[in-house]
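Everything in the sequence shown is counted per this note's numbering, starting at 9 for the first residue and increasing by one.
All C-beta atoms in this analysis are idealised placements derived from N, C-alpha and C, irrespective of residue type, glycine included.
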Amino acid sequence: MGKTTSINLVGRDEFEVIMGVFARCTDDYLFLFDLDKDEYIISEKILEKFDLPGNHFFHAGTILEKVVYPEDMPELSADLEKLKSGMSQEHNMEYRWVDREYKIVWISCRGVVIQDRTQEQKTKILIGRISEIGSKRKADNVTGLFAERQLLLDFEKLKADESYKNGVVLRIGVDNFKEINERYGMETGDAVLKMIAQCMELVRGEKDRCYKLDGDEFVLLMEGDNIQKAREHYHTIRILIEEHRKVQGYRNFYTISAGIVGFSYDKTDSEKLHGYSEFALSMAKKNGKNCSYIFTEEDYEEYVKGIKIQEKLRYAVNHGFLGFEVYYQPIVSSTTREVVGAEALLRFYSREYGMLSPGVFIPILEESGLIIPVGEWVYQTAMRQSIIWQRLMPEFRININLSFIQICKSDVVSGIMASIGELGIEPSTVLFEFTESGMISYDDSVQRLLDVLNENRVKIALDDFGTGYSSLAYLQNLRVNLLKLDRGFTSKAVVNDFDYNLIGHIVTMAHSIGMKVCFEGIETEEELQKLQKLEPDYIQGYYYGKPVNSESFYHSHLRKFEKAS
Ligand code: C2E
Ligand code: MG
Ligand code: MG
Numbered sequence: 009m010g011k012t013t014s015i016n017l018v019g020r021d022e023f024e025v026i027m028g029v030f031a032r033c034t035d036d037y038l039f040l041f042d043l044d045k046d047e048y049i050i051s052e053k054i055l056e057k058f059d060l061p062g063n064h065f066f067h068a069g070t071i072l073e074k075v076v077y078p079e080d081m082p083e084l085s086a087d088l089e090k091l092k093s094g095m096s097q098e099h100n101m102e103y104r105w106v107d108r109e110y111k112i113v114w115i116s117c118r119g120v121v122i123q124d125r126t127q128e129q130k131t132k133i134l135i136g137r138i139s140e141i142g143s144k145r146k147a148d149n150v151t152g153l154f155a156e157r158q159l160l161l162d163f164e165k166l167k168a169d170e171s172y173k174n175g176v177v178l179r180i181g182v183d184n185f186k187e188i189n190e191r192y193g194m195e196t197g198d199a200v201l202k203m204i205a206q207c208m209e210l211v212r213g214e215k216d217r218c219y220k221l222d223g224d225e226f227v228l229l230m231e232g233d234n235i236q237k238a239r240e241h242y243h244t245i246r247i248l249i250e251e252h253r254k255v256q257g258y259r260n261f262y263t264i265s266a267g268i269v270g271f272s273y274d275k276t277d278s279e280k281l282h283g284y285s286e287f288a289l290s291m292a293k294k295n296g297k298n299c300s301y302i303f304t305e306e307d308y309e310e311y312v313k314g315i316k317i318q319e320k321l322r323y324a325v326n327h328g329f330l331g332f333e334v335y336y337q338p339i340v341s342s343t344t345r346e347v348v349g350a351e352a353l354l355r356f357y358s359r360e361y362g363m364l365s366p367g368v369f370i371p372i373l374e375e376s377g378l379i380i381p382v383g384e385w386v387y388q389t390a391m392r393q394s395i396i397w398q399r400l401m402p403e404f405r406i407n408i409n410l411s412f413i414q415i416c417k418s419d420v421v422s423g424i425m426a427s428i429g430e431l432g433i434e435p436s437t438v439l440f441e442f443t444e445s446g447m448i449s450y451d452d453s454v455q456r457l458l459d460v461l462n463e464n465r466v467k468i469a470l471d472d473f474g475t476g477y478s479s480l481a482y483l484q485n486l487r488v489n490l491l492k493l494d495r496g497f498t499s500k501a502v503v504n505d506f507d508y509n510l511i512g513h514i515v516t517m518a519h520s521i522g523m524k525v526c527f528e529g530i531e532t533e534e535e536l537q538k539l540q541k542l543e544p545d546y547i548q549g550y551y552y553g554k555p556v557n558s559e560s561f562y563h564s565h566l567r568k569f570e571k572a573s
């Protein structure tokens, strides 16, 4: 307990004048609180934001109750009691006020008790300043929660405290928040954020703390290592939101996603934790939204690797497609057993990761939109190569894969037709392969592409048939020329009678409506012998050759034609 300073304080009127001068030099509100007389003087500009009866009033205790957030009143009263009783001489609290628009405003209030010797009875006076924490971005004025800056400060504090070993971060984001603002207005958007903040406050444990990050995201910083608890909190918050929506008469609709990260204080810094929780939430959204995702190091490393690969892919695209190479896998006629063409399959080589398979980099190209320039490069390269090989084998056919992204997000059909024209390749020797997922959710751009390709005699194949749900009748409507049966399907048929018979029927039906069939992924003589009986038109698989670069393809499959010609 320190000693109280005694001064000869100027009169109240002069004090107000001095305060007015200082108030022009700071955003803070300066105040004088006579604890014994319950008299309060504060910078006049506070009246712009808070509903006080004036900047100089008595019965301060009762009046302040009207602006202080009710939940914080007991703590404030207790602190003031200590000042009045002389138990403490300094006041330093962060708590909430409610402004004229009933919004919560976090304030930091600091002051020192002095004794005014000019008064007959030496009264205790608290002199200090109030600042809005929100304006320094330590708190969020829409929800009343602490903001990210405070999260960082608290994290550092807990990290330094030896008694805190582990923590869990539950990071919550509103799904499609932008849409909510656009559709229902900003006010609804704010109400949604407030609602979530309240729900989080309701579920949190005593030692947990809630924060509002920029945009539509929140963090619950939990003590301990109970990840399941975080998951339960997320589910409870969802239930509370749903109940609230019911009470409100279903005026709006929104869902929330959550990323959950368990961590130890000694192995994590705030930046890392921020990155982890950001990633965890993005995974929940990627998994379809309205769900939670629990962080794992392995997933994160894969994600970081994905980002690095994406950088390398972008670099390659901007440097003449360096590192990309088109490989070719033979497609064989099942009657003559001769090579009739090849499927162009993309490869990417990076010094750090070696030769990458399309399973790794095609999704990254698609996500980043890089599939559009790369896809164009693939069909041009493959067509150019095919023209060279057609000099040896005029009927040589080239199969090229097209991604759904190329179809929907670029005018790929114009690009294809322009390239066919410029290169002078016979259109009927070119075939484009689509996967079922692309076809199923087809829209106008898919229909236009198929129409233009059909009109120009360019062929169309449905790739990986058997992994989705397309019906043959539907495919006939789309005028698909070739069905490619996936290895997942054909390999089962070798050991399973049901699949074997099913494939047999598919081949018969496809033929009856004028479609050809290619079996993919034939690896062994045994597979070939058995499946050959089902009379497919073409076979593609390691048995006849793995995908290889153009030079190897030429040596293995085409050189013999050179000798003959
Ligand atoms: P896909 O179009 O179905 O290509 C056939 C895949 O099966 C190729 O894998 C090929 O190497 C593999 N394969 C062929 N025969 C056998 C076999 O006997 N056994 C086994 N186990 N596998 C066999 P790859 O080259 O890894 O390509 C994977 C997928 O990546 C392709 O499947 C295709 O969907 C996609 N892809 C490849 N290149 C491109 C491209 O240029 N553009 C687009 N959009 N996608 C591509
Ligand atoms: Mg394919
Ligand atoms: Mg396939």
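(message) Given 7 Å as the limit, tell me if Ser520 has its C-beta closer than that to any heavy atom belonging to ligand 1.
(response) If you number the sequence shown from 1, residue 520 lands on position 512. In this structure, the C-beta of Ser520 stays at least 7 Å away from each heavy atom of ligand 1.
(request) Would you decide whether Val503 is buried or exposed? Buried here means 16 or more other CB atoms lie within 10 Å of its CB. (result) Translated into positions along the sequence shown, residue 503 becomes position 495. Within 10 angstroms of the beta-carbon of Val503 lie fewer than 16 other beta-carbons, which makes it exposed.
(message) Just verifying my parser: in three-state terms, what is the DSSP assignment at Ser272?
(response) Taking the first residue of the sequence shown as 1, we reach residue 272 at position 264. Note: Ser272 maps to strand in three-state DSSP.
(request) Grab me the residues of Phe30's own chain with a C-beta within less than 6 Å of its C-beta, minus the 5 sequence neighbours each way, in chain order. (result) Start at 1 with the first residue of the sequence shown, and residue 30 comes out as number 22. So the list reads Leu38, once near-sequence residues are dropped.
(request) Below 8 Å CB to CB, which residues in the same chain sit around Met9 once its five sequence neighbours on both sides are set aside? (result) For this step, residue 9 is matched to residue 1 along the sequence shown. Reliability fails at Met9, whose pLDDT of 47 lies under 50, so the model's placement of it is uncertain and the value that follows must be treated cautiously. Cβ neighbours of Met9 beyond the five flanking positions: Gly94, Met95, Ser96, Gln97.
(request) For ligand 3, enumerate in chain order all residues having a CB closer than 6 Å to any of its heavy atoms. (result) Summarising the contact set, residues whose Cβ lies nearer than 6 Å to any heavy atom of ligand 3 are, in chain order, Asp471, Asp472, Lys492, Asp494, Glu528.
(message) For Glu214 and His252, what's the separation of their Cα atoms in angstroms?
(response) Residue numbering aside, residue 214 sits at position 206 when the sequence shown is read from its first letter. Residue numbering aside, residue 252 sits at position 244 when the sequence shown is read from its first letter. Their Cα atoms are separated by approximately 23 Å.
(request) Examine ligand 1 and report whether any of its heavy atoms sits within less than 7 Å of the Cβ of Leu353. (result) In the sequence shown, the residue the question calls residue 353 occupies position 345. Because some heavy atom of ligand 1 lies under 7 Å away, the Cβ of Leu353 counts as near it: yes.
(message) Would Met151 and Lys202 be called neighbours here (beta carbons separated by less than 8 Å)?
(response) Sequence index remark: in the sequence shown, residue 151 carries index 143 (1-based). Sequence index remark: in the sequence shown, residue 202 carries index 194 (1-based). Rather than Met, the amino acid found at residue 151 in this sequence is Thr. Yes, the pair counts as a contact, with Cβ atoms nearer than the cut-off.
(request) Would you decide whether Ser494 is buried or exposed? Buried here means 16 or more other CB atoms lie within 10 Å of its CB. (result) As a working mapping, residue 494 is identified with position 486 in the sequence shown. Residue identity check: residue 494 is Asp in the sequence provided, not Ser. Around the C-beta of Asp494, 16 or more other C-beta atoms lie within 10 Å, and the residue is accordingly described as buried.
(message) If I follow the unbroken beta strand (DSSP E) through Leu228, where does it start and stop?
(response) For this step, residue 228 is matched to residue 220 along the sequence shown. Where Leu228 is concerned, the enclosing beta strand (DSSP E) stretches over 225-231.
(request) May I have the straight-line CA-CA distance separating Ser411 from Gly181, to the nearest angstrom? (result) Taking the first residue of the sequence shown as position 1, residue 411 is located at position 403. Taking the first residue of the sequence shown as position 1, residue 181 is located at position 173. Rounded to the nearest angstrom, the two C-alpha atoms are 31 Å apart.
(message) Taking the alpha helix (DSSP H) that Ile247 belongs to, which residues open and close that run?
(response) On the sequence shown, position 239 is the one that residue 247 refers to. 235-255 is the span of the alpha helix (DSSP H), which, as asked, contains Ile247.
(request) Name, in chain order, the residues that DSSP records as bridge partners for Trp114. (result) Position 106 of the sequence shown, counting from 1, holds the residue named residue 114. DSSP output for Trp114 lists Arg104 as bridge partner(s).
(request) Round the Cβ separation of Leu159 and Leu229 to the nearest angstrom and send it over; I've been treating them as touching at under 8 Å. (result) As a working note, residue 159 is residue 151 in the sequence shown. As a working note, residue 229 is residue 221 in the sequence shown. The pair is a contact, with the Cβ atoms about 7 Å apart (cut-off 8 Å).
(message) I'd like to confirm something about Asn409: is its beta-carbon nearer than 7 Å to some heavy atom of ligand 2, or not?
(response) Residue numbering aside, residue 409 sits at position 401 when the sequence shown is read from its first letter. Of the heavy atoms belonging to ligand 2, at least one sits nearer than 7 Å to the Cβ of Asn409.
(request) With a threshold of 16 other CB atoms inside 10 Å of the CB of Ile396, please say whether the residue is buried or exposed. (result) In the sequence shown, residue 396 corresponds to position 388, counting from 1. So Ile396 counts as exposed.
(request) Taking Met203 as part of the alpha helix (DSSP H), name the residues at either end of that continuous run. (result) Within the sequence shown, residue 203 is the residue found at index 195, counting from 1. Counting along the chain, the alpha helix (DSSP H) containing Met203 begins and ends at 194-211.
(request) With a floor of 4 residues, list each alpha helix (DSSP H) that falls wholly inside the stretch 426-493, ordered by position along the chain. (result) Correct list: 444-448, 452-463, 480-485.
(request) Taking only the alpha-carbon atoms, compute the straight-line gap between Trp105 and Thr276 and give it to the nearest angstrom. (result) Here residue 105 corresponds to residue number 97 of the sequence shown, with the count starting at 1. Here residue 276 corresponds to residue number 268 of the sequence shown, with the count starting at 1. If you draw a straight line from the Cα of Trp105 to the Cα of Thr276, it comes to about 34 Å.
(message) Which runs of the alpha helix (DSSP H) at least 4 residues long sit entirely within the stretch 35-73? Give them in chain order.
(response) 54-57, all fully within the stretch 35-73.
(message) Let me check you understand the geometry: is the CB of Glu441 closer than 7 Å to at least one non-hydrogen atom of ligand 2?
(response) The sequence position of residue 441 within the sequence shown is 433, counting from 1. It does: the Cβ of Glu441 is within 7 Å (strictly closer) of some heavy atom of ligand 2.
(request) Would you kindly work out how many angstroms separate the C-alpha atoms of Asp545 and Lys492, rounded to a whole number? (result) Start at 1 with the first residue of the sequence shown, and residue 545 comes out as number 537. Start at 1 with the first residue of the sequence shown, and residue 492 comes out as number 484. Those two C-alpha atoms are separated by around 10 Å.
(request) Verify whether the separation of the beta carbon atoms of Asp233 and Gly270 is less than 8 Å. (result) By 1-based counting over the sequence shown, the position of residue 233 is 225. By 1-based counting over the sequence shown, the position of residue 270 is 262. By the CB criterion at 8 Å, Asp233 and Gly270 fall inside the cutoff.
(message) Can you confirm whether the stretch 534-551 touches the stretch 340-352 when touching is taken to mean that 3 or more C-beta pairs between the two stretches lie within less than 8 Å?
(response) Touching, yes.
(request) Determine which residues share a DSSP beta bridge with Lys316 and list them. (result) Mapped onto the sequence shown, residue 316 falls at position 308. According to DSSP, which records beta bridges pairwise, Lys316 is partnered with nothing at all.
(request) Quick one: measure Cβ to Cβ for Leu321 and Phe369, integer angstroms, because I've assumed they're closer than 8 Å. (result) On the sequence shown, position 313 is the one that residue 321 refers to. On the sequence shown, position 361 is the one that residue 369 refers to. Separation of the CB atoms of Leu321 and Phe369 is rounded to 6 Å, and the pair is thereby assigned contact status at 8 Å.
(message) Threshold first: 4 residues or longer. Then list the alpha helix (DSSP H) segments lying entirely within the stretch 532-573, N to C.
(response) Here the runs fully enclosed are 533-540, 558-561, 567-572.
(message) Tell me the rounded alpha-carbon separation between Lys280 and Pro402.
(response) Position 272 of the sequence shown holds residue 280. Position 394 of the sequence shown holds residue 402. Distance between the alpha carbons of Lys280 and Pro402: 59 Å.
(message) I want to know whether the stretch 461-469 touches the stretch 421-440 - three or more CB-CB distances under 8 Å.
(response) Taking 8 Å as the limit for Cβ pairs, the verdict is that the stretch 421-440 does touch the stretch 461-469.
(request) State the CB to CB distance for the pair Ile141 and Glu102, rounded to an integer number of angstroms; the pair is presumed to be in contact (CB under 8 Å). (result) Residue 141 sits at position 133 when you count from the first residue of the sequence shown. Residue 102 sits at position 94 when you count from the first residue of the sequence shown. Contact holds; Cβ gap of about 6 Å.
(message) Here's the rule I'm using: 16 or more other beta-carbon atoms within 10 Å means buried, otherwise exposed. How should Ser285 be labelled?
(response) Locating residue 285 in the sequence shown gives position 277, where the first residue counts as 1. The residue in question, Ser285, is buried, as its Cβ has 16 or more Cβ neighbours within 10 Å.
(message) Less than 8 Å between the beta carbons of His99 and Asp80, yes or no?
(response) For this step, residue 99 is matched to residue 91 along the sequence shown. For this step, residue 80 is matched to residue 72 along the sequence shown. No, these two residues do not count as a Cβ contact at 8 Å.
(request) Starting from the N-terminal side, write out each stretch of the alpha helix (DSSP H) that is 4 residues or longer and does not extend beyond the stretch 346-415. (result) Runs of the alpha helix (DSSP H) inside the stretch 346-415: 366-376, 379-398.
(request) Run the proximity test for Glu231: is its beta-carbon closer than 7 Å to any non-hydrogen atom belonging to ligand 1? (result) In the sequence shown, residue 231 corresponds to position 223, counting from 1. When distances are taken from the beta-carbon of Glu231 to the heavy atoms of ligand 1, even the shortest one reaches 7 Å or more.
(message) Taking only three categories from DSSP, how would you classify Tyr311?
(response) Position 303 of the sequence shown, counting from 1, holds the residue named residue 311. Tyr311: helix per DSSP, three-state reduction.
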